[in-house]
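In order, the protein sequences belong to chains A and B.
Here the first sequence is numbered in the working numbering, starting from 1 and rising by one per residue.
Here the second sequence is numbered in the working numbering, starting from 1001 and rising by one per residue.
Shown next, in structure tokens, is the structure this report addresses.
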Amino acid sequence: MTKADKNDNNILFQVSDQLPHDLKDLFQPDSSVSPQMDWAILDRAQQQLQHQARSKRRWLPWVVSVASAAAVVAILLNLDFSPVPAPVDQSAHPISPVLAATDIDYSGRVDILDAFTLARHLETSSQPDTRWDVNNDGLVNNRDVDYVAMAAVRLEKGVL
Amino acid sequence: MKRATITLLIVILTCIVVPVLARPAQEDTVTSGVENKKGIETVFAPLEIYIDSGDQELAAYQFELRAVSGKIKIVGVEGGAHPAYQEPPYYDPAALARDRIIIAAFNTSANLPQGKIRIATVHLQILGTETPDYEINLTVAASPDGSQIPATITLVQGEQK
């Protein structure tokens, strides 16, 4: 390195103390806002807020309408529109095996006389007919009588 | 996006809540002789059932009772006056709280009633002020040998409470 080069380096590092202040003044944004600008910004902000409020109010009827429509659809879906079933023509259907089993006297219907007939049978017979084990518990006893009697008074009897 | 989510939530909540609110509310618990919360006057009354089998012994009976007007609920069934039918008869428990019931009983003993006897008492809850009318149909009246016998059935409404 020559003597001349050393002198050049010294020159580069010797800057004025005023330089940072000058640079700051030069590039710092102007922070002063005029009152007119301030009012304009506030006015603009108010307009924006009112617009948002109007937008919300504009949505409200739509939300209510959609919710009401959904409610109506939900109610309609919950209602039972299935047609009332026509009375069953008992003669057109085969007798249910379960009900037929309780028709002890073969009268074609299950009533208290079936239970009465079975009760009399149990009283008079030492070996009850196993066909009358209507509750399928392997025994023919008063429980079968009760079973038949309850079948006789059942409100929804089916086809018998 | 947020607004759409809120709207969707409202719709879903409406779909859930509205059908529940649209369902008829269960009837309020009632007390005897007073109005319930809906303002419906309710009273309780027994309905005594009589069968007259004339000079024949009554070994079995079955009848169906229903209200043809007025609003009632069946709340209980009691046996009759004669020892042969003092036990509560057979009936479908599903008939309770409804206005229709099938009642039946039999007895295989030798001590059987003749003539007119009270064979059962049906306890009712009468809703409202309209006096109910009933239809009663005797489907079985049998002698000890199991054959049908001519018999008549009548009912008497007891004192309301």
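C-beta: ideal position from N, C-alpha, C; glycine also.
Two segments are said to touch when three or more pairs of C-beta atoms, one from each, lie closer than 8 Å; by this definition the stretch 1058 to 1071 of chain B touches the stretch 1130 to 1142 of chain B.
CA-CA distance, Pro1089(B) to Ala1105(B), rounds to 5 Å. Between the C-alpha atoms of Trp39(A) and Val33(A) there is a straight-line separation of about 10 Å. Nearest CB-CB separation between Leu113(A) and chain B: below the 8 Å threshold. DSSP links Ser1069(B) through a beta bridge to Asp1133(B). The Cβ atoms of Leu118(A) and Asp144(A) sit closer than 8 Å to each other. Nearest CB-CB separation between Arg1100(B) and chain A: below the 8 Å threshold. Beta-bridge pairing by DSSP links Asp1052(B) to Lys1116(B) and Thr1152(B).
In this structure, the CA atom of Leu26(A) is about 21 Å from the CA atom of Gln14(A). The C-beta of Thr1121(B) comes no closer than 8 Å to any C-beta of chain A. Proximity of chain B to Val63(A) at the Cβ level (cut-off 7 Å) is accounted for by Thr1007 and Ile1010, in chain order. If you check the CB distance, Ile1126(B) and Ile1072(B) come in under 8 Å. At a cut-off of 8 Å between beta carbons, Asp1092(B) contacts chain A. In the three-state scheme derived from DSSP, where H, G and I count as helix and E and B as strand, Val148(A) is classed as helix. In this chain, Arg131(A) is not harboured by any beta strand (DSSP E), its DSSP state being neither H nor E. In the DSSP assignment, the residues bridged to Ile1102(B) are Glu1064(B). At a cut-off of 8 Å between beta carbons, Thr102(A) makes no contact with chain B. The C-alpha of Phe1044(B) is placed about 6 Å away from the C-alpha of Gln1160(B).
Spanning the alpha carbons of Ser1053(B) and Arg131(A) requires a straight line of approximately 33 Å. Sequence-distant partners of Asp133(A) (beyond 5 residues in either direction) whose C-beta falls short of 7 Å from its own C-beta, in its chain, are Leu139, Val140 and Asp144. Taking a Cβ-Cβ threshold of 8 Å, the residues of chain B close to Arg120(A) are Thr1108 and Gly1146, in chain order. Just measuring C-alpha positions, the residue of Asp1145(B), Leu1112(B) and Glu1087(B) sitting nearest Thr124(A) is Asp1145(B). By alpha-carbon distance to His1082(B), the top candidate from Ile1074(B), Gly1128(B), Asp1099(B) and Ile1049(B) is Ile1049(B). Bounds of the alpha helix (DSSP H) holding His21(A) are Gln18 to Phe27. The residues Arg143, Asp144 and Tyr147, in chain order, have a CB closer than 7 Å to that of Asn135(A) in the same chain once the five nearest residues on each side in sequence are set aside. Contact with chain A is absent for Ile1049(B), since none of that chain's Cβ atoms lies less than 8 Å from the residue's Cβ.
The straight-line gap separating the alpha-carbon atoms of Ser68(A) and Thr1014(B) is approximately 8 Å.
Under the Cβ distance rule, Ala40(A) does not count among the residues neighbouring chain B, no pair being separated by less than 8 Å.
In this structure, the alpha-carbon of Arg1100(B) lies about 8 Å from that of Ile1074(B). Residue contact check for Arg154(A) against chain B: a CB pair falls below 8 Å. Put simply, the backbone Cα of Asp105(A) is about 6 Å away from that of Asp114(A).
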